[in-house]
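Here the protein sequences come in this chain order: R and L.
Residues 315 to 583 in this note's numbering are what the first sequence spells out, letter by letter.
Residues 315 to 583 in this note's numbering are what the second sequence spells out, letter by letter.
We put the beta carbon where it would ideally sit given N, CA and C, even for glycine.
Protein chains: 2
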Amino acid sequence: MKYSIGEFSLITQLSIKSLRLYHEKGLLVPAHVDDTSGYRFYDEANFDTARSIKSLRRYDFSLTEIGELLEGCDDEADMIVQLERKLGDIASKIDRYQDISRSIASIIEYEKESVMDNEREFEIEEKELNTVLIAGHRMRGRYQDVGEGLGLVCKTMGRHISGKPMTLYFDCDYKEDDADFEPCVPVRKGKESEGISVRELKGGRCVSLIHKGSYDTLRSSYKRIFGYINEKGFKTVLPTREIYRKGPGMIFKGNPKNYLTEIQVLIEE
Amino acid sequence: MKYSIGEFSLITQLSIKSLRLYHEKGLLVPAHVDDTSGYRFYDEANFDTARSIKSLRRYDFSLTEIGELLEGCDDEADMIVQLERKLGDIASKIDRYQDISRSIASIIEYEKESVMDNEREFEIEEKELNTVLIAGHRMRGRYQDVGEGLGLVCKTMGRHISGKPMTLYFDCDYKEDDADFEPCVPVRKGKESEGISVRELKGGRCVSLIHKGSYDTLRSSYKRIFGYINEKGFKTVLPTREIYRKGPGMIFKGNPKNYLTEIQVLIEE
DNA sequence: TATAGAGTCTCCCCTTGGGGGAGAGTCAAT
DNA sequence: ATTGACTCTCCCCCAAGGGGAGACTCTATA
Chain R
315 MKYSIGEFSL ITQLSIKSLR LYHEKGLLVP AHVDDTSGYR FYDEANFDTA
365 RSIKSLRRYD FSLTEIGELL EGCDDEADMI VQLERKLGDI ASKIDRYQDI
415 SRSIASIIEY EKESVMDNER EFEIEEKELN TVLIAGHRMR GRYQDVGEGL
465 GLVCKTMGRH ISGKPMTLYF DCDYKEDDAD FEPCVPVRKG KESEGISVRE
515 LKGGRCVSLI HKGSYDTLRS SYKRIFGYIN EKGFKTVLPT REIYRKGPGM
565 IFKGNPKNYL TEIQVLIEE
Chain L
315 MKYSIGEFSL ITQLSIKSLR LYHEKGLLVP AHVDDTSGYR FYDEANFDTA
365 RSIKSLRRYD FSLTEIGELL EGCDDEADMI VQLERKLGDI ASKIDRYQDI
415 SRSIASIIEY EKESVMDNER EFEIEEKELN TVLIAGHRMR GRYQDVGEGL
465 GLVCKTMGRH ISGKPMTLYF DCDYKEDDAD FEPCVPVRKG KESEGISVRE
515 LKGGRCVSLI HKGSYDTLRS SYKRIFGYIN EKGFKTVLPT REIYRKGPGM
565 IFKGNPKNYL TEIQVLIEE
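And the structure:
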């Protein structure tokens, strides 16, 4: 019994285009090709091959791989090896996509959270801070270098990170070029490594203000918060903290007008 | 500060080819293009865009999607929607790959198992069968139609299947065209549906022989097993069972010489 | 037997995200 | 002025087909 390509396509559920491609690649050669018309005709034996190809395609084998399998299909042990290799491929794809999935989920969480805060106006408040475990990288230089240090710390600690990134400032006054600071992140656990210090950061009573907008305008908020502290007669404790509640985002830099930075100054009780 | 495409490529870790492509697609337009030489020059602002593109590519966004995101990046809420859509995409990909992974694993198991039996020679033996839950599709016709019925049952029961497919034969003698049989599979659980009967198949003492080779030669094994039964003076109980321990395989038809079919004839105790 | 309509053929272009290379122009240093 | 390093555009390539054009071929009906 002979089947034209159209009939064969209907039966096997493979498109005519695909059948012609498989013919060209030598995967599924029609039983007979008419010399004068060039028409392809398929027979019963072709059904088995068609079924094999369909299965393998469903399992994400490439046409090249299918070709190799169809050639050497006599030794079944070899086929098992191929299947196991494929299983490994698939597993690593799953791993990769799961990584991506986790990353995207955490980005969404980050963005959502900060969008919520976005409409509020913020006032100075006093509050109690808990002691937290942090990993930090102490350095000297200009304020712009904070980003770099933060990147280093985040990359090193990876998924142990348990909170927003922050910077500790150890100077009592503003220094342009030789500031002493420590970009850090809260972590669940972690071990010391080159340049990275892991330790507890003591909590306590503090004065806090959330600054909205570009980092260039941070100093106006510092002025406000220290004005408040002086007015109340508090004595401050170093280091001062900056918590980056919403910064440049993990994908887009975003609009600096929407950046949110919390300034925390600990006070003696 | 201006960077040539080579420098920019080194810094951003994007290939020159990619950079030119992104320029062409309008995703990452150099800050300046020299009129006469056509040389591309990038500036600081381009770094942010480059970083965004790299992140999004890592998260499996297509260039088209990235383009749309870069256009409408002012409304962040919209970006969250896009990210969530992507998250859904990724999740469905993971699902799909996990399905494939499971399928391949079961194929491997099937093939391995049967390869092990492959070298053995088989003799008639008597053994005890347990009662099992089966799903079957009773039908009349030719023996060749067994395959179809089995396909139906397997597709319907899907992952509830818990053993090798088999056929029950209800005729006491060989009928060419109007045999009465029931392709079925053991299942863990399952509900009746159109044409499918789910029930317990009673066990008992039986005479069993594993037939090696094409189904066309099955009758010689039947002759042997019934010869044995007559010799021993056993009385048989219908239906007779054929268990397809290794058949045409899920991908390749395989070599019929290696097919293994167990014939089980229950006897009165 | 002519013709219409359906089926099939080959050939070409398109998709994604670039890689590889040819041939020509440009830049900076010697 | 020349040389070597960069860069430009343009073309072809990958996988697995999809879409369509223009030309044949087959079959059924008038």
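- Here the C-alpha atom of L580 of chain L lies approximately 12 Å from the C-alpha atom of F484 of chain L.
- The DSSP-derived three-state label of M453 of chain R is strand.
- Counting only residues of its own chain and dropping the five nearest sequence neighbours on each side, K316 of chain R has a CB closer than 8 Å to the CB of A345, H346, F355, Y356, D357.
- Between the alpha carbons of S323 of chain R and E462 of chain L lies a gap of roughly 19 Å.
- Those residues of the stretch 352–378 of chain R placed with their C-beta closer than 7 Å to a C-beta in chain L are D362, S366, S369, L370, Y373, D374, ordered along the chain.
- Where G381 of chain R is concerned, the enclosing alpha helix (DSSP H) starts and stops at 377–385.
- A364 of chain L and G465 of chain R have their C-alpha atoms some 17 Å from each other.
- Each residue's CA atom was taken as its position, placing C486 of chain L and D494 of chain L some 10 Å apart.
- Around V467 of chain L, the same chain offers A449, G450, H451, P497, C498, V499, I510 as residues with beta carbons nearer than 7 Å, after the five sequence neighbours per side are excluded.
- For Y411 of chain R, the nearest CB of chain L lies under 8 Å from its own CB, placing it at the interface with that chain.
- I422 of chain R reaches chain L at I394, L397, E398, L401, counting residues in chain order whose Cβ is nearer than 8 Å.
- For the set L:S428, L:L401, L:R416, the Cα lying nearest the Cα of A419 of chain R is the one of L:L401.
- With 16 or more other Cβ atoms inside 10 Å of its own Cβ, N360 of chain R counts as buried.
- For the C-beta of A345 of chain R, not a single chain L residue is nearer than 9 Å; the gap to the nearest is close to 16 Å.
- Interface residue (Cβ-Cβ distance to chain R less than 8 Å): S415 of chain L is classified as such.
- Under the DSSP assignment, G518 of chain L falls outside any alpha helix (DSSP H), being part of the beta strand (DSSP E) whose first and last residues are 518–526.
- Neighbours of K426 of chain L across chain R, judged by C-beta separation under 8 Å: I394.
- Exposed is the label assigned to Q458 of chain L, since fewer than 16 other Cβ atoms lie within 10 Å of its Cβ.
- In the DSSP assignment, A493 of chain L is bridged to L:G455.
- Rounded to the nearest angstrom, the gap between the Cα atoms of M393 of chain L and D413 of chain R is 20 Å.
- Residue-level contact by beta carbon fails for M430 of chain R and chain L, as no gap is shorter than 8 Å.
- By the neighbour-count criterion, in which a residue is buried when 16 or more other Cβ atoms sit within 10 angstroms of its Cβ, V501 of chain R is buried.
- L532 of chain R is positioned such that its CB atom lies closer than 8 Å to that of T575 of chain R.
- Nearest CB-CB separation between M564 of chain R and chain L: below the 8 Å threshold.
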